[in-house]
Structure formats: structure tokens, C-alpha cells
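The sequence shown lines up with residues 44 to 451 when you count with the working numbering. Heads up: the structure comes next, in C-alpha cells.
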Amino acid sequence: PRHIMGGFNIQDGAADASVLQSLATPMWQAISSNLGNSTELSPGGVPERNIGGFLFPAIPAGVPTTVIPVVFLVTTAGPSAKTKVIEEGEVLAVFGLAILIWMIPSLLANTRFCCRCCQRCLSKRLGWYFCLGMIVNLSMLSMVIASEPEIKANDLFFQLVEVVEVVSDKLQEVLMQVGAIVGLFMLYSFRKRLIALLGFDSQLVKLELRDFLTCFSMTRFKTVEVSLLKASDLPCGYGSRALFVRVVMGCNEPLHSRPRDGCMTSLNLRERWQLNFDPEDVSQTLSIAIKEQEVVGAAVAQLAPAAGAIAGALAGLMTPAGPQGGAALGAIAGIGTANSLGPEVARLDMSAAFINSLREKTKQMQKEEPPPSMATGPSFAWREENFVKVDLVPQGYLWLRISDVQAA
């Protein structure tokens, strides 16, 4: 029988072995040469060799060998420590000289030893000077690299990249720390505005730096009495309404008057409040707000932040902010809504200096007033001449009086 293989006719018997051997021999030679067999590379044996100062004897063909690992240096020794310091000093000197060359126009412009004509010439040709300085600096750096065999431009470049990386990492850490400190400072500086944006008209934290410095002593506070006679020319509404007064000052709790019903553009008060006041604290303010009483009670106002958080979380499911961000924004909106309940009709904000001036004015009035007829009654009559007329925002007038309360 005949078989066809690779385009050859192979017969049974001795012809089969000779044909297979003729096909396998070239294939084995190709494989052994690709594997780097030493017999294939050196059919007559390995000659004597000198590698790295080591003399290896010749190996005749057919002699069995054993692989023995031998450790020897394949690179030359680096420069000594002294040479390395000198080379690094030369590189630093070249970089320092390059910076000095680029700083010459700035140094000459701010000195008296350079004439005005030279200063004008440099100012008009700064671009040309920059190009000339770059050429000089590159030439100096090239001469140093060429004169020192151990200094390579590639090594300098990667060392510069490493220095820039270290500086940028340290700068990032410093900027993050400075940013955190600046953020805390800005948050403390604008704390009152942020609280006002949330709808709070009184301090959330009653503690201040003055309390620490005075060891939480109350001796710096004076007791003052704020008396309100009436308010007139207020912004009108759609009809009669119930109005009340809210008084806020410093670390005192907010105080309220009783609501008056049937008010249009005027409000008769005749009410007094006693507050703690620090005459030396210039940042302290007295806020008197005339508000309209709402139908919604305080219980509903307390639920507004929670309701806002739930609504914000549901809305955040459909936005990139997510439920957490939506809940936070909803809670903030709820807090602002709760604190804005009760439309503000008019408002008066007084500084500490204005409060002190009203106190002095009241002291002068008390010298001219007769003593009170009752120990428990007010020390003055509820008449306009005993009060100070001040303007309200956005419109209206308020008659008030601020006086000191004598300690018992």
C-alpha cells in the first residue's frame, strides 16, 4: 500500500524509516539551534574565554560538563563619595548661576546702581534677554555634562522629576492643611450669616471666646430693661392680623410679647423685658422683630426638618446626589422653613454702641423724672416723651426705652 505524506510517496519497510529520518533531522537541527544548544553553536567545543577578569578553560567537543553558578561583577564600580559630592556641587552651582542670570533684570530694576537707560533697555528687550539667558544656561549645563563622565542628562532629568514630585506632594499636604484652617476660619467668621441663612435669628451656641477668657464669670454683664410703648406706620396686610414682638440679644434666650389681635398698621405694646448685656462687647446686637402669628403651631415647625429630610432622600434617588445628599439638603431646607414660619412685618437691629447711647439718654431722663409711686411699678410713665422714636425696616416707627436695672 502507498500513503501520501508531505507530497512524498512512502512505501512499507526500509523506505519508511529513511524518509522519516530525512524529515526529522532538519526539524531537530532547527529546534536545537533555537534553544541555544552549545554543541550546535560550537561543534568543535568551547574555546578558552576571559569574562570579567575570570579565565574560563576550553571545553573539547563531547566532554560532559556541569553548570556551576559563578558570581562576578558585570558593571564597573561607581564614583567615590568625594567625587559624587563634587559633581553634585557643580550641578547645583550651574543651576544657581542659571537662576541668577534669569533674575538679573529684576535685580537691576530695583537697585540704584543701574542707570535708567539700562533699565529701559532691559524692559524693552526682556524677550531677547530671556532667549539669550536660556542659550547661556543650556551651554553651561551641556559643558558640565560633557566634562563629567558620571553625570548624564537622563539622570538629571529624572532627578528633577523626582524633586518636583516630592515638592508637589508636600505642597498638596500643606495646602490641604492650610485649606482646612482657612475653611474653619471662614466658617467662624461668617457663622452669623450662615445661621441667618438657615433661618435662625438667635445664637445656636451660647458659648463665646469671652466666656473662656473671663473664666465663665457673669460680672461683665449688666442688666438692662427694654421697654416698648408702641409701633406705628407698619406695612399693611390683607386685613386685620395678630402681631407679636420677638426680642433677641446675645446669649439671652429669645423673648416674646403676647399676641395682639386686630392690628392693621399700628401695635400698642407697653411691655418690658430684662436682658443681660455686656457694654464692652461691640459684636453684640439687639434685634426687635414684629411678626405675624401663624396658624401653624410649634409642633408642626419641629416636624419640618424631618419631613424635609425624608422628601430630600426620596428626591435624591432620582438625582446624582443620592439619598444621603438629598436628605442633608432636605433637612437644611426644612430647618430654614421651620425658622421662617411667621412672616416678619418689620425689624430693628441695634449695635452695642447704639444701645449704650440709649442707656445714657435714659439716665439723663431719669434725673428729670419724679420717683415712682409704687415700688413694683415702672419707674417712668408710659408716654411718648419718655421714649425714643426709631425707624423700622422696611417701614414704620417704634418707641422704645433702654435703661439699667439697679442690682438688688
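Glycine residues also receive a C-beta, built at the ideal position from the N, C-alpha and C atoms. Nothing here was measured: the structure is a model prediction, and the numbers come from that model.
* Asked: Helix, strand or coil for GLN317 per DSSP?
  -> strand
* Compute the Euclidean distance between the alpha carbons of GLN225 and ASP212, then round it to the nearest angstrom. => Correcting the residue identity first, residue 225 is Val in this sequence and not Gln. For VAL225 and ASP212, the distance between alpha carbons rounds to 20 Å.
* To do: Could you please give the first and the last residue of the uninterrupted beta strand (DSSP E) stretch that includes VAL388?
  => 387 to 394
* Jot down the residue ranges of each uninterrupted beta strand (DSSP E) in the segment 269 to 321, minimum 3 residues, whole runs only, in chain order. => 284 to 292, 303 to 306 and 310 to 320
* From VAL106, GLY96, TRP71 and LEU98, residue whose alpha carbon lies closest to that of GLY88 -> VAL106
* Asked: In its own chain, which residues sit with a C-beta less than 6 Å from the C-beta of SER446, not counting the 5 before and 5 after it?
  -> GLU268 and THR405
* Asked: What number of angstroms, rounded off, separates the C-alpha of GLN336 from the C-alpha of LEU318?
  -> 24 Å
* I think ALA286 touches PRO302, with their Cβ atoms under 8 Å apart; what is that distance to the nearest whole Å? -> For the sequence presented, residue 286 should be read as Leu rather than Ala. With a Cβ gap of about 7 Å, LEU286 and PRO302 count as contacting.
* **LEU360 versus LEU230: straight-line alpha-carbon distance, rounded** => 30 Å
* Asked: Per DSSP, LYS334 forms a beta bridge with which residues?
  -> PHE287 and GLU387
* Asked: Taking Cβ positions, are ALA332 and LEU310 nearer each other than 8 Å?
  -> no
* Hey, how far is the Cα of LYS432 from the Cα of TRP442? -> 5 Å
* To do: Measure the C-alpha to C-alpha separation of ASP276 and SER326 and round it to an integer number of angstroms.
  => 30 Å
* **SER330 and MET292 closer than 8 Å at C-beta** => yes
* When you compare only the Cα positions, how much space is there between PHE320 and SER400? -> 14 Å
* GLN215 versus LEU227: straight-line alpha-carbon distance, rounded -> 18 Å
* Can you tell me the Cα-Cα spacing of LEU218 and VAL210, whole angstroms? -> 12 Å
* **Span separating the alpha-carbon of ILE147 from that of GLY222** => 35 Å
* Asked: Mapping DSSP to helix, strand and coil, what is GLY373?
  -> helix
* Please state if the CB of LEU151 and the CB of LEU165 are separated by a distance shorter than 8 Å. => yes
* To do: Give a yes or no on whether the C-beta atoms belonging to LEU312 and VAL288 are separated by under 8 Å.
  => yes
* Three-way DSSP call (helix, strand, coil) for THR257 in this model -> coil
* To do: Kindly list the residues whose CB is nearer than 8 Å to the CB of ILE353, restricted to its own chain and excluding five residues on each side of it in sequence; keep chain order.
  => ALA370 and GLY373
* Taking GLN162 as the reference, give the member of PHE173, MET183 and SER149 with the closest Cα. => SER149
* Per DSSP, the bridge partner or partners of THR68 -> Bridge partners of THR68: none, in fact.
* To do: Specify the secondary structure class of SER446 as computed by DSSP and reduced to three states.
  => strand
* State the start and end residues of the unbroken alpha helix (DSSP H) segment that holds LYS213. => 196 to 232
* Identity of the residue in TRP71, TRP171 and GLY305 nearest CYS279 by Cα -> GLY305
* Asked: Do you know offhand how far ALA189's Cα is from GLN220's?
  -> 44 Å
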